[in-house]
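Engineer: Residue numbers (this note's numbering): 306 to 783.
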Ligand code: ATP
């Protein structure tokens, strides 16, 4: 890459960086932009987070910069970590004194001493993240790249600055970061670096699950997540952090009948979804849609391979996976569960003789997530046979049309009971409870079955009949 110091200077010649430069010169401190910001400059990607390293006194430099910036500036000191953060308008700048780190074998927490710029670059994870631009006036825009990060950027390579066994053993989270950067940037992991991940994979166990999951989410959100998952699988990390996905691997054959390899199928579905949406939880649903296939797999001499109820069993497996991964246990998880449990339903609605009632039930069960469910089902088509793909996509177009027609007619997607509970309670002078619940459920079922329209008066009449069957008498006439 042929980029001159003038080009770098022009890029970083902003009032903010000039101000940091002045502050550092006044304190006679060497000071550099480092890490992601520098990497992203060469990748022509915008970078909002800025890391500044000063040789000594990183916190004091941050204090001086904050004073100079004045209004719209927030300074936060993390004295224990020896870092400081400035938020100025929508930019976040992290300040740190250059450091030398040494590690013990049982912890990601290093022993830290003051160091030179090169010590600081050595402790960085990858060569592409270890480049620095000088901010001092006399060397403004000078690139410091002792580990040839620029060359690795050009060659699309993730490589550690030091012996990779040391880098990964010191902080095993870096193994996840290697895979994550490879997935985000479409880079390869350098063979030596890759082999060291394989050797050190068990050390991922000393990293907190939250940090591992953060990286996993970034892999899932990358443009082609399969790159990351295949690397996780090949390095042996996936077996440790996500054994349920490894269980999807392999294709068994019996009496000449095989089934598809559900690991690679799942990754194709995830890649397909990633082309459609950045929605993290929809991507999680794609990753988990077939998660119960291994536990439900049976050989049936008549039908061949079957995976009965893998949708419902999959839904039930999700809470334990989310708990272990420290993922949210709230409506986001419920959303993933819902899509996994419903992912076989649209396909069952293709046939001509499908009843309106089946369609109403899907609309009711999926509610506002129906569109995303259809997107997942379309992504689930991974056949290599273009004729089949065309036919399946055509089928889903038919289902979409049926869904739209029924929704226009019956409005069950956001089902609101046409007769409300209070009205029933007053009519029979009953408290909230089982009887009211039964009557409301009967109304809902009758509407979904198409016995009555989704309207108040029809539902009211139906409810009176049901109540009579149950031996209830109204205490007041309507
Ligand atoms: P992104 O913003 O996409 O996460 P980034 O490289 O900016 O990418 P940060 O986590 O903000 O990621 O890290 C900033 C810099 O700090 C990195 O570029 C790298 O130099 C260094 N760094 C971060 N985490 C580690 C780590 N675990 N080990 C070594 N260096 C690290």
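Even for Gly, the Cβ is constructed at its ideal location relative to N, Cα and C.
List the whole-angstrom C-beta distance separating residue 637 from residue 586, where the pair is believed to meet the contact cut-off of C-beta under 8 Å.
Structural biologist: Stepping through the chain shown from its first residue, residue 637 is reached at position 332. Stepping through the chain shown from its first residue, residue 586 is reached at position 281. Indeed, because the Cβ distance is near 5 Å, the residues count as touching under 8 Å.
Engineer: Looking only at its chain, what residues have a beta carbon closer than 7 Å to the beta carbon of residue 616, apart from the 5 residues adjacent to it on each side?
Structural biologist: As a first step, residue 616 must be located in the chain shown, where it is residue number 311. Answer for residue 616: 645, 646, 648, 649, listed in chain order.
Engineer: Can you round the beta-carbon distance between residue 329 and residue 440 to whole angstroms, since I take them to be within the 8 Å contact cut?
Structural biologist: Along the chain shown, one-based indexing puts residue 329 at 24. Along the chain shown, one-based indexing puts residue 440 at 135. Sure, about 6 Å apart at Cβ, within 8 Å.
Engineer: What span of residues does the beta strand (DSSP E) with residue 419 cover, start to end?
Structural biologist: Taking the first residue of the chain shown as position 1, residue 419 is located at position 114. From DSSP, the beta strand (DSSP E) with residue 419 extends over 416-419.
Engineer: Would the beta-carbon of residue 479 be found less than 6 Å away from any heavy atom of the ligand ATP?
Structural biologist: One-based indexing of the chain shown puts residue 479 at position 174. Under cutoff, so the answer is yes.
Engineer: With distances taken Cα to Cα, identify the nearest neighbour of residue 609 among 581, 563, 505, 376.
Structural biologist: Position 304 of the chain shown, counted from the first residue, corresponds to residue 609. That would be 563, whose Cα lies nearest to the Cα of residue 609.
Engineer: Taking the alpha-carbon of residue 640 as reference, which of 588, 780, 458, 488 has the nearest alpha-carbon?
Structural biologist: As a position in the chain shown, residue 640 is number 335, starting the count at 1. Measuring from the Cα of residue 640, the nearest candidate turns out to be 588.
Engineer: Please state whether DSSP places residue 689 in a helix, a strand or coil.
Structural biologist: Here residue 689 corresponds to residue number 384 of the chain shown, with the count starting at 1. Of the three classes helix, strand and coil, the one that applies to residue 689 here is coil, per DSSP.
Engineer: When DSSP labels each residue in this structure, what does residue 460 get in the three-state scheme?
Structural biologist: Residue mapping note: residue 460 aligns to position 155 of the chain shown, counting from 1. In the structure shown, residue 460 sits in a helix (DSSP, three-state: H, G or I).
Engineer: At 4 residues or longer, what runs of the alpha helix (DSSP H) sit wholly inside the stretch 503-555?
Structural biologist: Whole alpha helix (DSSP H) segments, 4+ residues: 514-525, 530-540, 542-546, 548-551.
Engineer: Short check: CB of residue 655 to CB of residue 700, under 7 Å?
Structural biologist: Taking the first residue of the chain shown as 1, we reach residue 655 at position 350. Taking the first residue of the chain shown as 1, we reach residue 700 at position 395. In this structure, residue 700 lies closer than 7 Å to residue 655 by Cβ.
Engineer: Where does residue 416 land, buried or exposed, given buried means 16+ other C-beta within 10 angstroms?
Structural biologist: Here the question's residue 416 lines up with position 111 in the chain shown. Per the 10 Å Cβ criterion, exposed.
Engineer: Mapping DSSP to helix, strand and coil, what is residue 354?
Structural biologist: What you label residue 354 is simply residue 49 of the chain shown in a count that begins at 1. Residue 354: strand per DSSP, three-state reduction.
Engineer: Return the Cβ separation of residue 711 and residue 665 in integer angstroms, given the expectation that the two are a contact with Cβ distance under 8 Å.
Structural biologist: In the chain shown, residue 711 corresponds to position 406, counting from 1. In the chain shown, residue 665 corresponds to position 360, counting from 1. Sure, about 6 Å apart at Cβ, within 8 Å.
Engineer: Just verifying my parser: in three-state terms, what is the DSSP assignment at residue 407?
Structural biologist: Position 102 of the chain shown, counting from 1, holds the residue named residue 407. Strand at residue 407.
Engineer: Quick check: does the Cβ of residue 429 come within less than 6 Å of any heavy atom belonging to the ligand ATP?
Structural biologist: One-based indexing of the chain shown puts residue 429 at position 124. True, at least one ligand heavy atom lies under 6 Å from that Cβ.
Engineer: In chain order, which continuous runs of the beta strand (DSSP E) of length 3 or greater are located wholly inside the stretch 571-622?
Structural biologist: DSSP runs (the beta strand (DSSP E)) wholly in the stretch 571-622: 603-605, 609-611.
Engineer: Would you say the beta carbon of residue 476 is closer than 6 Å to some non-hydrogen atom of the ligand ATP?
Structural biologist: Counted from its first residue, the chain shown places residue 476 at position 171. Yes - the ligand ATP has a heavy atom lying nearer than 6 Å to the Cβ of residue 476.
Engineer: At the level of alpha carbons, what is the spacing between residue 432 and residue 469?
Structural biologist: Stepping through the chain shown from its first residue, residue 432 is reached at position 127. Stepping through the chain shown from its first residue, residue 469 is reached at position 164. Between residue 432 and residue 469, the C-alpha separation is close to 11 Å.
Engineer: So, is the C-beta of residue 383 closer than 7 Å to a C-beta in chain D?
Structural biologist: Considering every chain present, this structure includes no chain D. It has just one protein chain.
Engineer: Quick check: residue 343 and residue 436, are their CB atoms within less than 7 Å of each other?
Structural biologist: Reading the chain shown from its first residue, position 38 is the one you call residue 343. Reading the chain shown from its first residue, position 131 is the one you call residue 436. In this structure, residue 436 lies closer than 7 Å to residue 343 by Cβ.
Engineer: Just reading off the beta strand (DSSP E) that residue 399 is part of, what are its end residues?
Structural biologist: Residue mapping note: residue 399 aligns to position 94 of the chain shown, counting from 1. Segment 396-402, the beta strand (DSSP E) holding residue 399.
Engineer: Please specify which runs of the alpha helix (DSSP H), each continuous and at least 4 residues long, are wholly inside the stretch 626-682, giving them in chain order.
Structural biologist: Counting only runs of 4 or more, we get 636-647, 661-671.
Engineer: In angstroms with no decimal places, state the Cα-to-Cα distance between residue 345 and residue 682.
Structural biologist: In the chain shown, the residue the question calls residue 345 occupies position 40. In the chain shown, the residue the question calls residue 682 occupies position 377. Using only the alpha carbons, I get a separation of about 36 Å.
Engineer: For residue 487, which option in 520, 467, 475, 473 has the closest C-alpha, if you only look at C-alpha atoms?
Structural biologist: In the chain shown, counting from the first residue as 1, residue 487 sits at position 182. That would be 520, whose Cα lies nearest to the Cα of residue 487.
Engineer: What is the C-beta distance between residue 599 and residue 542, in whole angstroms, given that I count them as a contact (C-beta under 8 Å)?
Structural biologist: Here the question's residue 599 lines up with position 294 in the chain shown. Here the question's residue 542 lines up with position 237 in the chain shown. Not quite, the Cβ-Cβ distance comes to about 19 Å (not below 8 Å), so this is no contact.
Engineer: Among 565, 515, 482, 512, which one has its Cα closest to the Cα of residue 536?
Structural biologist: What you label residue 536 is simply residue 231 of the chain shown in a count that begins at 1. Comparing Cα-Cα distances from residue 536 to each of 565, 515, 482, 512, the minimum goes to 482.
Engineer: Out of 370, 594, 308, 629, point me to the one whose CA is closest to residue 323's CA.
Structural biologist: Taking the first residue of the chain shown as 1, we reach residue 323 at position 18. The residue with the shortest Cα to Cα distance from residue 323 is 370.
Engineer: Excluding the 5 residues preceding and the 5 following residue 374 in the sequence, name in chain order all residues of the same chain whose CB lies nearer than 6 Å to its CB.
Structural biologist: Counting from 1 along the chain shown, the entry for residue 374 is found at position 69. 393, listed in sequence order.
Engineer: Count the other CB atoms within 10 Å of the CB of residue 442; is the residue buried (16 or more) or exposed (fewer)?
Structural biologist: Your numbering for residue 442 matches position 137 in the chain shown. By the 10 Å Cβ count, residue 442 comes out exposed.
Engineer: Within the same chain, show all residues whose beta-carbon is closer than 8 Å to that of residue 624, passing over the 5 residues directly before and after it, in chain order.
Structural biologist: Within the chain shown, residue 624 is the residue found at index 319, counting from 1. Counting only Cβ-Cβ distances below 8 Å, and skipping sequence neighbours, we find 634, 638, 642.
Engineer: Since residue 461 and residue 499 are thought to touch, with beta carbons under 8 Å apart, how far apart are those beta carbons, to the nearest angstrom?
Structural biologist: On the chain shown, position 156 is the one that residue 461 refers to. On the chain shown, position 194 is the one that residue 499 refers to. About 14 Å separates the two Cβ atoms, so there is no contact after all.
Engineer: Whose C-beta lies closer than 7 Å to the C-beta of residue 704 among residues of the same chain, with five residues either side of it excluded?
Structural biologist: Translated into positions along the chain shown, residue 704 becomes position 399. Cβ within range, chain order: 651, 654, 655.
Engineer: How should residue 594 be labelled, buried or exposed, when 16 other C-beta atoms within 10 angstroms of its C-beta is the threshold for buried?
Structural biologist: For the purposes of this step, residue 594 is taken as residue 289 along the chain shown, with counting starting at 1. Buried, by the Cβ-count rule.
Engineer: Which residue's Cα is closest to the Cα of residue 506: 529, 538, 526?
Structural biologist: Here the question's residue 506 lines up with position 201 in the chain shown. Ranking the options by Cα distance to residue 506, first place goes to 538.
Engineer: Can you list the alpha helix (DSSP H) stretches of 4 or more residues lying completely in the stretch 427-475, in chain order?
Structural biologist: As far as the stretch 427-475 is concerned, its whole alpha helix (DSSP H) runs of at least 4 residues are 454-460, 469-475.
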